[in-house]
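Asks:
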Amino acid sequence: MISGIVAEFQKKLPRWPNKLIKRLKTWAAAKKTAPGIELSPAQGELRAFYDLAVCPVTFDIANFLSLAEIARLEFGCKHVRLIVVPAPGNGFRDLSVHSVDHSKHRILSIIAPALRTLPSCSGISIVSDRKSAEKLVPQDGSPVFPYGYTLDRPTRYYSWYNTWDKVNDGKNVQSLRAPSDALQNVESWLTQKGLQDVKLAVITLREASYQKDRNNKIREWEKFCRYLTTKGYQPLIVRDFDKAYDPLPADLSGYPICDIPNWNLNFRVALYERAAVSFFVNNGPWVFGLFDEKVKFMAAKVITESVLVTSTKFRIEMGDEIGKNYRFLQEKQKVVWENDDYEVLVRNFEEHFVDSAITPAPAE
Numbered sequence: 001m002i003s004g005i006v007a008e009f010q011k012k013l014p015r016w017p018n019k020l021i022k023r024l025k026t027w028a029a030a031k032k033t034a035p036g037i038e039l040s041p042a043q044g045e046l047r048a049f050y051d052l053a054v055c056p057v058t059f060d061i062a063n064f065l066s067l068a069e070i071a072r073l074e075f076g077c078k079h080v081r082l083i084v085v086p087a088p089g090n091g092f093r094d095l096s097v098h099s100v101d102h103s104k105h106r107i108l109s110i111i112a113p114a115l116r117t118l119p120s121c122s123g124i125s126i127v128s129d130r131k132s133a134e135k136l137v138p139q140d141g142s143p144v145f146p147y148g149y150t151l152d153r154p155t156r157y158y159s160w161y162n163t164w165d166k167v168n169d170g171k172n173v174q175s176l177r178a179p180s181d182a183l184q185n186v187e188s189w190l191t192q193k194g195l196q197d198v199k200l201a202v203i204t205l206r207e208a209s210y211q212k213d214r215n216n217k218i219r220e221w222e223k224f225c226r227y228l229t230t231k232g233y234q235p236l237i238v239r240d241f242d243k244a245y246d247p248l249p250a251d252l253s254g255y256p257i258c259d260i261p262n263w264n265l266n267f268r269v270a271l272y273e274r275a276a277v278s279f280f281v282n283n284g285p286w287v288f289g290l291f292d293e294k295v296k297f298m299a300a301k302v303i304t305e306s307v308l309v310t311s312t313k314f315r316i317e318m319g320d321e322i323g324k325n326y327r328f329l330q331e332k333q334k335v336v337w338e339n340d341d342y343e344v345l346v347r348n349f350e351e352h353f354v355d356s357a358i359t360p361a362p363a364e
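Here it is, written out as structure tokens:
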């Protein structure tokens, strides 16, 4: 499985990442006891199994890493090592939304790079089949995550129910950070684009071809962009992966875009940290605002009743206090329990991010 994933991913990358992957493959081949990418020596290592029999190839990896960090501290380990285990059969638990090929791509574009947002992560192993994972599961009583994990009874431990359980127990879930090199890359890109001295407002769009009711209302965000410019902010658009190379909607055509986050997750997290404020609807990338205390953000349209996982009923079952800001968030991190209408966006932005609440009408 892993050889196929790497081969497919290499086709989509420019030359220098391909060279890096070749070096990493050579390095991994030399590791006989725990194959993979090792970032630091395995001293007091907590092995965290992201088992695709029960876990999705989505941004939920951020929840998982945040919870793994809590487990690391509970066990007194020095590092976390991420181990990705394929599901039986085609390797994935669910292919109703993404194809096998796209799911393979998401392992290397989301799951693998996410490990660098957890400072204590020592490395990653992506095994080719479940049999290969057997020797990586500790047999000597060493700590493992999820708690009590075994290959024959894999455990899903990434849901918001698990997150709220730890928050209610007084644990810190905001342990993710942008790597320093990614921050430097963002600064270089902004300088190249002449954006290094502006108050950056990064707007991450959801433009997916599935669960479309969750997508941004583009016309409302265009009006909000015009409003932001009157407040001295520079809107910067980050598009959905599904639309990354399509023409920008006409309503937003006058604003700069950045497509790098769609193939460089660590650049994405660094861009969010660098921004004066980042804006989301309830989409995957938002988790890298939620679990990173350095990201100032506002997220609207948390509830979309037509989709199960964003319905009020589901969010209550997960532990959300509907209508309230998440208790673990920082002062400049705001959850908006209303739709992404222009008036809603302005009202909440002024309440939490602007000193003077003067609302100019958007120019027509």
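Counting in the UniProt record's numbering, the sequence shown tops out at residue 364, every number present. Yeah, the Cβ is synthetic: ideal placement off N, Cα and C, and Gly gets one too.
For L67, which option in F145, L190, G194 has the closest C-alpha, if you only look at C-alpha atoms?
Replies: Sequence index remark: in the sequence shown, residue 67 carries index 67 (1-based). The candidate whose alpha carbon is nearest that of L67 is F145.
Asks: Taking the beta carbon of D320 as the centre, do at least 16 other beta carbons fall within 10 Å, making it buried, or is it exposed?
Replies: Walking along the sequence shown from the start, residue 320 turns up at place 320. So D320 counts as buried.
Asks: Once the 5 residues before and after W286 are set aside, which same chain residues still bring their CB inside 7 Å of it?
Replies: Stepping through the sequence shown from its first residue, residue 286 is reached at position 286. Answer for W286: F280, A299, listed in chain order.
Asks: Spatial neighbours of L95 within its chain, please: C-beta separation below 8 Å, excluding the five flanking residues on both sides.
Replies: Numbered from 1 along the sequence shown, position 95 holds the residue referred to as residue 95. S103.
Asks: Name the one or two DSSP bridge partners that D125 has.
Replies: Position 125 of the sequence shown, counted from the first residue, corresponds to residue 125. Reading off the sequence, residue 125 comes out as Ser, not Asp. Beta-bridge pairing links S125 to I83.
Asks: Between the Cα of D240 and those of N339, Y233, C225, I257, spot the shortest distance and give me the residue it belongs to.
Replies: To locate residue 240, count along the sequence shown from 1; it is residue 240. Checking every option, the nearest Cα to that of D240 belongs to I257.
Asks: Give a yes or no on contact between the region 206-225 and the region 182-198, applying the rule of three or more CB pairs nearer than 8 Å.
Replies: Flag = no, the region 206-225 and the region 182-198 do not touch.
Asks: Does the Cβ-Cβ distance between V277 and F328 come in under 9 Å?
Replies: Here residue 277 refers to the residue found at position 277 of the sequence shown. Here residue 328 refers to the residue found at position 328 of the sequence shown. Their beta carbons are not under 9 Å apart, which means V277 does not touch F328 by this criterion.
Asks: Within 10 angstroms of its Cβ, does G194 collect 16 or more other Cβ (buried), or is it exposed?
Replies: Here residue 194 refers to the residue found at position 194 of the sequence shown. Exposed is the call here.
Asks: Report all residues from its chain with a CB closer than 6 Å to the CB of P113; omit the five preceding and five following residues, and keep chain order.
Replies: Start at 1 with the first residue of the sequence shown, and residue 113 comes out as number 113. The residues are L265, N266.
Asks: Determine the direct distance from the alpha carbon of W337 to that of G323, and round the result to whole angstroms.
Replies: Against the sequence shown, residue 323 aligns to sequence position 323. Against the sequence shown, residue 337 aligns to sequence position 337. If you take the alpha carbons of G323 and W337, they lie about 6 Å apart.
Asks: Near E351, what residues of its chain come up, given a Cβ to Cβ distance below 6 Å and the 5 sequence neighbours on each side ignored?
Replies: In the sequence shown, residue 351 corresponds to position 351, counting from 1. Cβ neighbours of E351 beyond the five flanking positions: none.
Asks: Between the Cα of K301 and those of Y342, V295, K294, R268, spot the shortest distance and give me the residue it belongs to.
Replies: Along the sequence shown, read from residue 1 onward, the residue named residue 301 stands at position 301. Nearest of Y342, V295, K294, R268 to K301, Cα basis: Y342.
Asks: For K217 and W263, what's the separation of their Cα atoms in angstroms?
Replies: Numbered from 1 along the sequence shown, position 217 holds the residue referred to as residue 217. Numbered from 1 along the sequence shown, position 263 holds the residue referred to as residue 263. Each residue's Cα considered, the two are about 24 Å apart.
Asks: Let me check understanding here. Comparing Cα to Cα, which of I126, F297, S120, S122 lies closest to R106?
Replies: Taking the sequence shown and counting its residues from 1, the one referred to as residue 106 is at position 106. The option with the nearest alpha carbon to R106 is I126.
Asks: From the DSSP output, in three-state form, read off D242 for me.
Replies: The count along the sequence shown starts at 1 and reaches residue 242 at position 242. Reduced to three states, the DSSP call for D242 is helix.
Asks: For R156, which residues in the same chain have their Cβ closer than 7 Å to its Cβ, ignoring the five residues on either side in sequence?
Replies: Taking the sequence shown and counting its residues from 1, one reaches residue 156 at position 156. Answer for R156: V54, C55, listed in chain order.
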